[in-house]
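Engineer: Using this note's numbering, count along the sequence shown one by one with no gaps and you end on 236.
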Amino acid sequence: MGNVGAKETPILLTPDGRRIDGRLKNELRPVRIQAGALRHADGSAFVEWGHNKVMAAVYGPREVHPRHLQQNHKAVIQCRYNMAAFSVDERKRPGLDRRSQEISKVIAEAFDSVVFAEEFPRTSIDVYIEVLQANAGTRCAGLVAASVALADAGIPMVDLLPAVAVGKVGGEIVLDLKKEEDNFGEADLPMALVPQSGRLVLLQMEGHMTEEELGRALDLGVQGCRDIYEKMKAALRERYTLTPIAEAAR
């Protein structure tokens, strides 16, 4: 008898190079970004990326809690990334698990490298990221949402931070993994960069790539980040070019 309940590996790439959802290897999933999605946050954004739905809210600069984290020469950037218990098909225990804590730390460090935190000493800039629906790439979607929310809050930064994941699926390098590709592929490489300089501020990898594959993955990821960057700027332009009547109706 075979393994009872074992998952059968789906066909991730067709002979003509199409992926499980019909995309080409260098195509992003559909992305929609809304800046200013929440009324009572200092800044906010909502991102729909494929089947991911992510909300981000920013508060601050404000008093630091707990007080012992206060720094005299700059603001502290605190990030809380959380996946709602209903965000995935499988049952998930509510609250921050080890993965959420690790992603919270990584995102906070990424923003610490681009936010002009020295302009707000002895304060805290608090970033909340809530994943409402998950389908692979949530840390990238969360980082994009948080970056737009920081800009919406008027926090000065070197630039927006676009992010995307590149992976290896069926022996091929592909852009923006969805759930099946993430689960059954050979590698996953989330990344974020400063578009104007190309400086990477987030780069992680699970799985295996050769040196040549890694180079191609980085090139593909850079182009993906630049495409996301344009969508982020468009969301902010839309937010701040609305007429007063349209804004009041939101």
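Glycine included, every Cβ here is placed at the ideal spot set by N, Cα and C.
(1) Let me make sure I understand the geometry here. Which of Ile159, Glu166, Glu172 has the alpha-carbon closest to that of Gly3?
(2) Is any non-hydrogen atom of the ligand COA found closer than 7 Å to the C-beta of Gly29, if you look at the structure I gave you?
(3) Spatial neighbours of Phe32 within its chain, please: C-beta separation below 6 Å, excluding the five flanking residues on both sides.
(4) If you count every other CB in all the chains shown that lies within 10 Å of the CB of Tyr226, and 16 or more means buried, which is it?
(5) Quick one: grab the DSSP three-state call for Asn38.
(6) How about Asn68 and Val130: are their beta carbons less than 8 Å apart?
(7) Going along the chain, which residues of its own chain have a beta-carbon closer than 7 Å to the beta-carbon of Asn240, five neighbours each way excluded?
(8) Give the straight-line distance between the Cα atoms of Arg9 and Met177, rounded to the nearest whole angstrom.
(9) To the nearest angstrom, how far is the alpha carbon of Thr196 from that of Pro(-4)?
(10) Using 8 Å for Cβ pairs, my map puts His26 next to Ser110. What's the rounded Cβ distance?
(11) Just to confirm before moving on: does the CB-CB distance between Pro181 and Asp145 stay below 8 Å?
(12) Measure from the alpha carbon of Asp7 to the alpha carbon of each residue in Glu34, Leu163, Ala173, then state which is nearest.
(13) Assuming Asn38 contacts Ala120 under a Cβ cut-off of 8 Å, what Cβ separation, rounded to an integer in Å, is found between them?
(14) Between Leu136 and Val208, is the Cβ-Cβ spacing less than 8 Å?
(15) What number of angstroms, rounded off, separates the C-alpha of Pro47 from the C-alpha of Ala61?
(16) Measuring straight from C-alpha to C-alpha, what distance separates Ala96 and Glu224?
(17) Between Ser90 and Ser133, what straight-line distance do the alpha-carbon atoms span, to the nearest angstrom?
(18) Grab the span of the alpha helix (DSSP H) containing Val92 for me, first residue to last.
(19) Would you report the Cα separation of Gly(-12) and Arg202, rounded to the nearest angstrom?
(20) Does the beta-carbon distance from Pro148 to Ile214 come in below 8 Å?
(21) Mapping the DSSP letters down to three states, classify Met69 as helix, strand or coil.
(22) Looking at Lys165: is its Cβ nearer than 8 Å to the Cβ of Ala220?
(23) According to DSSP, is Met177 part of a helix, a strand, or is it coil?
(24) What's the C-alpha gap between Cys211 and Ala151?
(25) Which whole-angstrom value is the C-beta distance of Lys217 and Val92, which I expect to be below 8 Å?
(26) Is the beta carbon of Ile242 sitting closer than 8 Å to the one on Asp98?
(27) Under a three-way DSSP split, which group does Lys219 fall into?
Structural biologist: Working from what's here:
(1) To locate residue 3, count along the sequence shown from 1; it is residue 17. Nearest C-alpha to Gly3: Ile159.
(2) Only the bare structure without any ligand can be found here, which leaves the ligand COA out of the picture.
(3) As a working note, residue 32 is residue 46 in the sequence shown. Within the same chain, Phe32 has close Cβ partners Gln20, Ala23, Met41.
(4) Taking the first residue of the sequence shown as position 1, residue 226 is located at position 240. Its Cβ having fewer than 16 others within 10 Å, Tyr226 is exposed.
(5) Sequence index remark: in the sequence shown, residue 38 carries index 52 (1-based). In this structure, Asn38 counts as strand in the three-state DSSP scheme.
(6) Here residue 68 refers to the residue found at position 82 when the sequence shown is read from its first residue. Here residue 130 refers to the residue found at position 144 when the sequence shown is read from its first residue. Not closer than 8 Å, so no.
(7) Lying before the first or after the last residue shown, residue 240 is absent from the chain, which here runs from -13 to 236.
(8) Your numbering for residue 9 matches position 23 in the sequence shown. Your numbering for residue 177 matches position 191 in the sequence shown. Those two C-alpha atoms are separated by around 20 Å.
(9) The sequence position of residue 196 within the sequence shown is 210, counting from 1. The sequence position of residue -4 within the sequence shown is 10, counting from 1. About 24 Å.
(10) For the purposes of this step, residue 26 is taken as the residue at position 40 of the sequence shown. For the purposes of this step, residue 110 is taken as the residue at position 124 of the sequence shown. About 18 Å; that fails the 8 Å criterion.
(11) Walking along the sequence shown from the start, residue 181 turns up at place 195. Walking along the sequence shown from the start, residue 145 turns up at place 159. Yes, the Cβ-Cβ distance between Pro181 and Asp145 is below 8 Å.
(12) Indexing the sequence shown from 1 puts residue 7 at position 21. Minimum Cα distance to Asp7 is reached at Leu163.
(13) Translated into positions along the sequence shown, residue 38 becomes position 52. Translated into positions along the sequence shown, residue 120 becomes position 134. Sure, about 6 Å apart at Cβ, within 8 Å.
(14) Within the sequence shown, residue 136 is the residue found at index 150, counting from 1. Within the sequence shown, residue 208 is the residue found at index 222, counting from 1. No, they are not a contact pair.
(15) Numbered from its first residue, the sequence shown carries residue 47 at position 61. Numbered from its first residue, the sequence shown carries residue 61 at position 75. Distance between the alpha carbons of Pro47 and Ala61 is about 7 Å.
(16) On the sequence shown, position 110 is the one that residue 96 refers to. On the sequence shown, position 238 is the one that residue 224 refers to. Approximately 26 Å between the Cα atoms of the pair.
(17) Walking along the sequence shown from the start, residue 90 turns up at place 104. Walking along the sequence shown from the start, residue 133 turns up at place 147. Each residue's Cα considered, the two are about 14 Å apart.
(18) The residue labelled residue 92 in the question sits at position 106 within the sequence shown. From DSSP, the alpha helix (DSSP H) with Val92 extends over 84 to 98.
(19) If you number the sequence shown from 1, residue -12 lands on position 2. If you number the sequence shown from 1, residue 202 lands on position 216. No answer about Gly(-12) holds up, because its pLDDT of 45 lies below 50 and its placement is not dependable.
(20) Within the sequence shown, the letter at position 162 stands for residue 148. Within the sequence shown, the letter at position 228 stands for residue 214. Cβ distance < 8 Å, so Pro148 and Ile214 count as in contact.
(21) Position 83 of the sequence shown, counted from the first residue, corresponds to residue 69. Residue state, collapsed to three classes: strand.
(22) For the purposes of this step, residue 165 is taken as residue 179 along the sequence shown, with counting starting at 1. For the purposes of this step, residue 220 is taken as residue 234 along the sequence shown, with counting starting at 1. Not closer than 8 Å, so no.
(23) Taking the sequence shown and counting its residues from 1, one reaches residue 177 at position 191. In this structure, Met177 counts as strand in the three-state DSSP scheme.
(24) Residue numbering aside, residue 211 sits at position 225 when the sequence shown is read from its first letter. Residue numbering aside, residue 151 sits at position 165 when the sequence shown is read from its first letter. Cα to Cα, the separation comes out at about 9 Å.
(25) Stepping through the sequence shown from its first residue, residue 217 is reached at position 231. Stepping through the sequence shown from its first residue, residue 92 is reached at position 106. Contact doesn't hold; Cβ gap of about 22 Å is too wide.
(26) It is not possible to answer for residue 242, since the shown part of the chain is limited to -13 through 236.
(27) Taking the first residue of the sequence shown as position 1, residue 219 is located at position 233. Correct three-state label for Lys219: helix.
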